[in-house]
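In full-length UniProt numbering, the protein residues as written are 1 to 314.
In this text, a Cβ means the ideal position worked out from N, Cα and C, and glycines have one as well.
Here's the structure we're looking at; comments come further down.
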């Protein structure tokens, strides 16, 4: 006779863990020194989106009223239960209470361990449950991978080495490009798709720019300066405005994008102050200026969408 395992209790536990982590990120964002605040504020907001989707998955599961057959126990035992009972989650509250939030390295290391274990949980849910139940989880997994990468980059930045700074910036620009490509798919207006598509192109240009610098350093050529922003600083000739049917979804994306660009700008500005070499400093000052332009573009579009329900972009 086939048995069932308590998937509802497992999902409830996952939700509890993510809410605890979100509270921790909020606390760190309030108490930690500059450099940790911006990223953890973004992480807390990202965690909130994950919690919202997880709650929807639980609701779908409860409403279908069908038990999970034994076939799914293997996935649960392989991914879910070991993660839930792992040291990082079993002692989570105690660990979070003990960490020194003024120590950026300790916070970064702990956050990275949490997010890696969380990624396993999400893969476990995807493997254990039918697609109709976990619809949308792929998007969360992609964002989770981006969060893990951002934390890796933060740890590299804490080392204070120009090569680590460049590698972290390279990863950050790639993550931003993927974010905008994903946003373009969610936009239902042509103007929205063009807006996010062009922002993705901007980030690709940054990625290529940083990649060239890294390759030059590896070849022993040194740093050859060129502007990363290009035409981004030119005035934007906006269209009259096109109605965006997915107003709520795109508004949420714009809010996250504004926060991300702001954080990137602050991070690049901070790195620039840590460098003595004029050429190295100029790289990150230029990148910071580009992120400032992106932030302004996004803020203008957010107000346009909020007030008029349209996106004005050609």
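Selection from the options that minimises the alpha carbon distance to residue i
i	options	result
residue 178	162, 154, 89, 147	147
residue 27	85, 60, 41	41
residue 256	213, 163, 183, 203	183
residue 48	291, 22, 31, 136	22
residue 25	251, 284, 62, 93	93
residue 125	277, 283, 7	7
residue 64	133, 216, 51	133
residue 43	145, 285, 159	145
residue 85	14, 194, 297	14
Strand pairing of residue i, partner residues [DSSP]
i	result
residue 318	The requested residue 318 does not occur in the structure, where the chain is confined to residues 1 to 314.
Cut-off 7 angstroms between Cβ atoms - residues of its own chain near residue i, not counting five sequence neighbours on either side
i	result
residue 39	150, 154, 263
residue 120	79, 83
residue 46	143, 147
residue 99	106, 107, 110
residue 247	305, 309
residue 269	288
Cβ shell of residue i (< 8 angstroms), same chain only, five flanking positions each side left out
i	result
residue 299	258
residue 88	95, 113, 114, 117
residue 235	Low per-residue confidence applies at residue 235: pLDDT is 41, beneath 50, and the placement is therefore not dependable, though the value from the model is reported in the following sentence. If we look at residue 235 and ignore the five residues flanking it on each side, it has no Cβ neighbours.
residue 55	15
Short Cβ contact (8 angstroms threshold) for residue i with residue j
i	j	result
residue 156	residue 175	no
residue 165	residue 180	no
residue 313	residue 187	no
residue 199	residue 140	no
residue 18	residue 29	no
residue 81	residue 11	no
residue 281	residue 275	yes
residue 213	residue 271	no
residue 318	residue 254	Missing from the structure shown is residue 318; the chain here goes from 1 to 314 and no further.
residue 261	residue 295	yes
Min CB distance residue i to chain C below 8 angstroms
i	result
residue 102	Structure shown: chain C not included; a single protein chain is present.
Cβ-based neighbour list, residue i, same chain, cut-off 6 angstroms, excluding 5 preceding and 5 following
i	result
residue 233	Because residue 233 carries a pLDDT of 47, less than 50, the predicted location of this residue cannot be relied on, and no value is offered for it.
residue 189	242, 244, 311
residue 90	none
residue 162	280
residue 265	288, 291, 292
8 angstroms contact criterion, which residue i and residue j should meet: CB distance rounded
i	j	result
residue 170	residue 203	That pair is no contact at about 11 angstroms.
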